[in-house]
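S.K.: For reference, the structure I am asking about is given below.
There are 2 protein chains.
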Amino acid sequence: MPKTKEQTLHISPDYIVGFVDGEGCFCISIAKHKTLRRKSEVRLLFEIEVKEDDRAVLQAIQKTLGCGNLYRLEYQRYAQWKPHVKLKVSNIKDIVEHIIPFFDKHPLQAKKRKDYLLFRKAAFLIADKQHLTDNGCKKIQRLKESINV
Amino acid sequence: MPKTKEQTLHISPDYIVGFVDGEGCFCISIAKHKTLRRKSEVRLLFEIEVKEDDRAVLQAIQKTLGCGNLYRLEYQRYAQWKPHVKLKVSNIKDIVEHIIPFFDKHPLQAKKRKDYLLFRKAAFLIADKQHLTDNGCKKIQRLKESINV
Numbered sequence: 027m028p029k030t031k032e033q034t035l036h037i038s039p040d041y042i043v044g045f046v047d048g049e050g051c052f053c054i055s056i057a058k059h060k061t062l063r064r065k066s067e068v069r070l071l072f073e074i075e076v077k078e079d080d081r082a083v084l085q086a087i088q089k090t091l092g093c094g095n096l097y098r099l100e101y102q103r104y105a106q107w108k109p110h111v112k113l114k115v116s117n118i119k120d121i122v123e124h125i126i127p128f129f130d131k132h133p134l135q136a137k138k139r140k141d142y143l144l145f146r147k148a149a150f151l152i153a154d155k156q157h158l159t160d161n162g163c164k165k166i167q168r169l170k171e172s173i174n175v
Numbered sequence: 027m028p029k030t031k032e033q034t035l036h037i038s039p040d041y042i043v044g045f046v047d048g049e050g051c052f053c054i055s056i057a058k059h060k061t062l063r064r065k066s067e068v069r070l071l072f073e074i075e076v077k078e079d080d081r082a083v084l085q086a087i088q089k090t091l092g093c094g095n096l097y098r099l100e101y102q103r104y105a106q107w108k109p110h111v112k113l114k115v116s117n118i119k120d121i122v123e124h125i126i127p128f129f130d131k132h133p134l135q136a137k138k139r140k141d142y143l144l145f146r147k148a149a150f151l152i153a154d155k156q157h158l159t160d161n162g163c164k165k166i167q168r169l170k171e172s173i174n175v
């Protein structure tokens, strides 16, 4: 049997695009604000979740993207599940300055690109503070309804 | 909002590695042969399954790998599930001549690499007809027990 070479971790932009097309998530969340009854709280989330033994892959992706935090997740309800680790980017500045330039330069190839483009539109509305107006909030609501379907 | 460029499908080897690290499956299957009672039927399967609207991505991966067949899957039991499409490679010649050279040249980066290396060992045993001996079959059984865990 031919030998394989020793591996060094190689996480290129194309690799990240392939990985995110499979495992990534672009989400728009709109929740009623706890204290300001008439205002909604609009949040964007870019996430990748994997089993904990792939933490090194997420760390390399985090480094290339230049943003995001890693969280360890334990699913106590499902005893047979291994702990997971999640890379999460929710800060609008990070999204506009890091996530969007990366995926504009290295476009997603699968149907997830449609979600990304809706997420991207929402991000520019939020960066422009339009989510603080009723009209802007409605626009983001419509983007949310089209994402992940 | 800045405009995005028009997209042309760009499925590079690194993209495929990232996608397979997320969505690919390397399986070893050992079943009792239907007619030869004392012989087991050993099969290898490399598979990627996605929703049907990503068929073009699988077609591009199939073209790059130079092997495999596409199957449309309908999950009638789960009415809300969209049809899926699966790229499947089970022919040992295709595995040895296409799949293994590809993933030796472009190594997987995530934990799936461990599965691939077990699958690869099994492939060389099968190509060497060792699965037709009791001893070879036991070796493949041990590889199977370590895969996907």
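The listed protein sequences correspond, in order, to chains C and R.
Position one of the first sequence corresponds to residue 27 (my numbering), numbered consecutively onward.
Position one of the second sequence corresponds to residue 27 (my numbering), numbered consecutively onward.
Glycine included, C-beta positions come from ideal geometry on N, C-alpha and C.
Just the C-alpha distance for Asn-174/C and Ile-54/C, rounded to the nearest angstrom, thanks.
M.R.: Separation of Asn-174/C and Ile-54/C (C-alpha to C-alpha, rounded to the nearest whole angstrom) is 10 Å.
S.K.: So with Cβ pairs under 8 Å, would you call Ala-1/C a contact of chain R?
M.R.: Lying before the first or after the last residue shown, residue 1/C is absent from chain C, which here runs from 27 to 175.
S.K.: What are the complete alpha helix (DSSP H) segments, minimum 4 residues, inside the segment 34–99 of chain R?
M.R.: 39–49, 81–91
S.K.: Just the chain C side, please: which residues come within less than 8 Å of Lys-94/R by C-beta, in chain order?
M.R.: In the sequence under discussion, the amino acid at residue 94/R is Gly, which differs from the Lys named in the question. The premise fails here: Gly-94/R is roughly 17 Å from chain C at the closest Cβ pair, so nothing lies under 8 Å.
S.K.: Assuming Glu-136/C contacts Asp-40/C (C-beta within less than 8 Å), just tell me the rounded distance between them.
M.R.: The displayed chain sequence assigns Ala, not Glu, to residue 136/C. Contact doesn't hold; Cβ gap of about 13 Å is too wide.
S.K.: For the segment 113–126 of chain C against the segment 80–96 of chain C, are there 3 or more C-beta pairs whose distance is under 8 Å?
M.R.: yes
S.K.: Would you mind working out which of Leu-71/R, Lys-138/R, Asp-120/R sits nearest Lys-112/R, comparing C-alpha positions?
M.R.: Leu-71/R
S.K.: Determine the burial state of Asp-154/R: buried for a count of at least 16 other Cβ atoms within 10 Å of its Cβ, exposed for fewer.
M.R.: exposed
S.K.: Cβ of Ile-118/C within 8 Å of Cβ of Ala-82/C?
M.R.: Remark: C-beta atoms of Ile-118/C and Ala-82/C do not approach each other more closely than 8 Å.
S.K.: Less than 8 Å between the beta carbons of Ile-166/R and Leu-151/R, yes or no?
M.R.: yes
S.K.: By a C-beta neighbour count over all protein chains shown, 10 Å radius and 16 as the cutoff for buried, is Leu-158/R buried or exposed?
M.R.: exposed
S.K.: Who are the near neighbours of Glu-32/R in its chain, counting only those whose CB is closer than 6 Å to its CB and skipping five residues on each side?
M.R.: Because the pLDDT at Glu-32/R is just 48, under 50, the model does not fix this residue reliably, and the value given afterwards should be weighed accordingly. Excluding residues within five positions, none has a Cβ falling inside 6 Å.
S.K.: If you follow the alpha helix (DSSP H) that Leu-151/R is in, where does it begin and where does it stop?
M.R.: 138–153
S.K.: When we look at the beta-carbon of Leu-169/C and count the other beta-carbons within 10 Å, is it buried (16 or more) or exposed?
M.R.: It is buried - the Cβ of Leu-169/C has at least 16 other Cβ atoms within 10 Å.
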